[in-house]
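Trainee: Mind the numbering: the sequence shown is residues 328 to 542 in my numbering, read in order.
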Amino acid sequence: NEFNKFCYPLIPYTIIGFLYTFADYWLLQRYGGSIQQGYYAIGYRFSAIVLIATISILEVFWKEISEAHFNNNMDRVRLLYSSISKSFFFGGMVISAFVIPHSRQIIDLFLGSSYRDAWLPLSLMFYYPVHQSMGQITGTMLFAMGKTKTASYIGIFFMLISILFAYIILAPKTAIVPGFQMGAAGLAIKMIVCQIIGVNLSAFFVAKYINISFD
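The structure is reproduced here in structure tokens:
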């Protein structure tokens with residue numbers, strides 16, 4: 328019963344997650360083409376480097392939160408969440424702020440001058456890890472406390488809204504339902520805005536569950 332209660336909400340979340348990932352790339356390929364697809368992939372891959380530290384610590388964080396929550400030690404849960412979330416947010420912000428002004432140089436150094444037009448999607452995607460690190464923290468908090476239903480509902484809502492925004496951002500102005508035709512840069516902006524919305528929604532529920540003020 329415990330296993331079923333934990334895992335069942337993740338089934339629709341996983342299905343929608345596949346559709347969400349597929350839709351982003353498919354819409355960009357359809358309305359932007361392979362060049363825009365490549366520019367976005369460059370920004371996404373480089374931005375993931377900023378998250379290496381977060382990913383490596385998450386497993387330990389999950390274990391500590393699970394143990395403290397199981398023992399009903401909510402003071403420790405609150406302390407861990409507050410200290411880790413703030414330090415990760417600050418750390419991601421510092422790294423992103425350092426590399427954003429050097430986006431053109433990074434492109435020239437690693438990819439060459441033929442990819443120079445990818446600098447704008449890259450610089451925008453460097454904003455993505457700032458809130459993505461918080462998203463991983465709040466998601467881990469919800470999983471560690473067994474709140475998978477809440478995590479699933481938030482994730483599904485975020486992904487469905489994101490698919491709609493992706494169409495509006497990427498569709499051509501001549502389409503039946505016209506869009507902004509912004510290509511890879513537009514998809515990067517969509518990712519950042521939706522990430523901020525999703526993370527703050529998750530943080531609101533985490534604050535509610537551990538009885539702290541929403542920050």
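Backbone N, C-alpha and C define an ideal beta-carbon position, used for all residues, glycine too.
Quick one: residues in its chain with C-beta nearer than 8 Å to the C-beta of residue 421, no 5 flanking neighbours on either side, listed in chain order?
Mentor: The residue given as residue 421 occupies position 94 in the sequence shown. Correct list: empty, nothing qualifies.
Trainee: According to DSSP, is residue 335 helix, strand or coil?
Mentor: Position 8 of the sequence shown, counting from 1, holds the residue named residue 335. Coil at residue 335, not helix or strand.
Trainee: Determine the DSSP secondary structure at residue 525, reduced to helix, strand or coil.
Mentor: The sequence position of residue 525 within the sequence shown is 198, counting from 1. Helix at residue 525.
Trainee: Quick test of the definition: if touching needs 3 or more C-beta pairs under 8 Å, does the segment 381-401 touch the segment 467-485?
Mentor: yes
Trainee: Could you give the DSSP three-state label for residue 453: helix, strand or coil?
Mentor: Position 126 of the sequence shown holds residue 453. DSSP places residue 453 in coil when its eight states are reduced to three.
Trainee: Could you give the residue range of the alpha helix (DSSP H) that holds residue 401?
Mentor: Locating residue 401 in the sequence shown gives position 74, where the first residue counts as 1. Per DSSP, residue 401 belongs to the alpha helix (DSSP H) from 401-426.
Trainee: Using CA atoms only, rank isn't needed, just tell me which of 483, 357, 460 is closest to residue 345.
Mentor: For the purposes of this step, residue 345 is taken as the residue at position 18 of the sequence shown. It is 483 whose Cα lies nearest to the Cα of residue 345.
Trainee: Counting beta carbon pairs with one atom in the segment 448-464 and one in the segment 525-535, are three or more of them shorter than 8 Å?
Mentor: Output reads yes: the segment 448-464 touches the segment 525-535.
Trainee: Please report the distance separating the alpha-carbon of residue 360 from that of residue 403.
Mentor: Translated into positions along the sequence shown, residue 360 becomes position 33. Translated into positions along the sequence shown, residue 403 becomes position 76. Distance between the alpha carbons of residue 360 and residue 403 is about 50 Å.
Trainee: Exposed or buried, residue 624, counting other C-beta atoms within 10 Å across all chains shown (16 or more means buried)?
Mentor: Not covered by the structure: residue 624. The range shown for the chain is 328 to 542.
Trainee: If we ignore side chains and look at the alpha-carbon of each, how far apart do residue 378 and residue 419 end up?
Mentor: Within the sequence shown, residue 378 is the residue found at index 51, counting from 1. Within the sequence shown, residue 419 is the residue found at index 92, counting from 1. Straight-line Cα distance between these residues: approximately 8 Å.
Trainee: Where does residue 373 land, buried or exposed, given buried means 16+ other C-beta within 10 angstroms?
Mentor: Translated into positions along the sequence shown, residue 373 becomes position 46. Residue 373 should be labelled buried.
Trainee: Label residue 460 either buried or exposed according to how many other C-beta atoms from any shown protein chain fall within 10 Å of its C-beta, with 16 as the threshold for buried.
Mentor: As a working mapping, residue 460 is identified with position 133 in the sequence shown. It is buried - the Cβ of residue 460 has at least 16 other Cβ atoms within 10 Å.
Trainee: Mapping DSSP to helix, strand and coil, what is residue 520?
Mentor: As a first step, residue 520 is located in the sequence shown; it is residue number 193 there, counting from the start. In the structure shown, residue 520 sits in a helix (DSSP, three-state: H, G or I).
Trainee: Check whether the segment 450-457 touches the segment 513-520, taking contact to mean three or more Cβ pairs, one atom from each stretch, closer than 8 Å.
Mentor: yes
Trainee: Starting from residue 480, trace the alpha helix (DSSP H) both ways and give me its first and last residue.
Mentor: For the purposes of this step, residue 480 is taken as residue 153 along the sequence shown, with counting starting at 1. From DSSP, the alpha helix (DSSP H) with residue 480 extends over 475-497.
Trainee: If you follow the alpha helix (DSSP H) that residue 540 is in, where does it begin and where does it stop?
Mentor: The count along the sequence shown starts at 1 and reaches residue 540 at position 213. Run containing residue 540: none; DSSP gives neither H nor E here.
Trainee: Need the endpoints of the alpha helix (DSSP H) that residue 435 sits in, please.
Mentor: Counting from one through the sequence shown, the residue named residue 435 turns up at place 108. Its alpha helix (DSSP H) spans residues 430-437.
Trainee: Among 353, 335, 330, whose alpha-carbon lies nearest the alpha-carbon of residue 494?
Mentor: Looking up residue 494 in the sequence shown gives position 167. Of the listed residues, the one whose Cα sits closest to residue 494 is 353.
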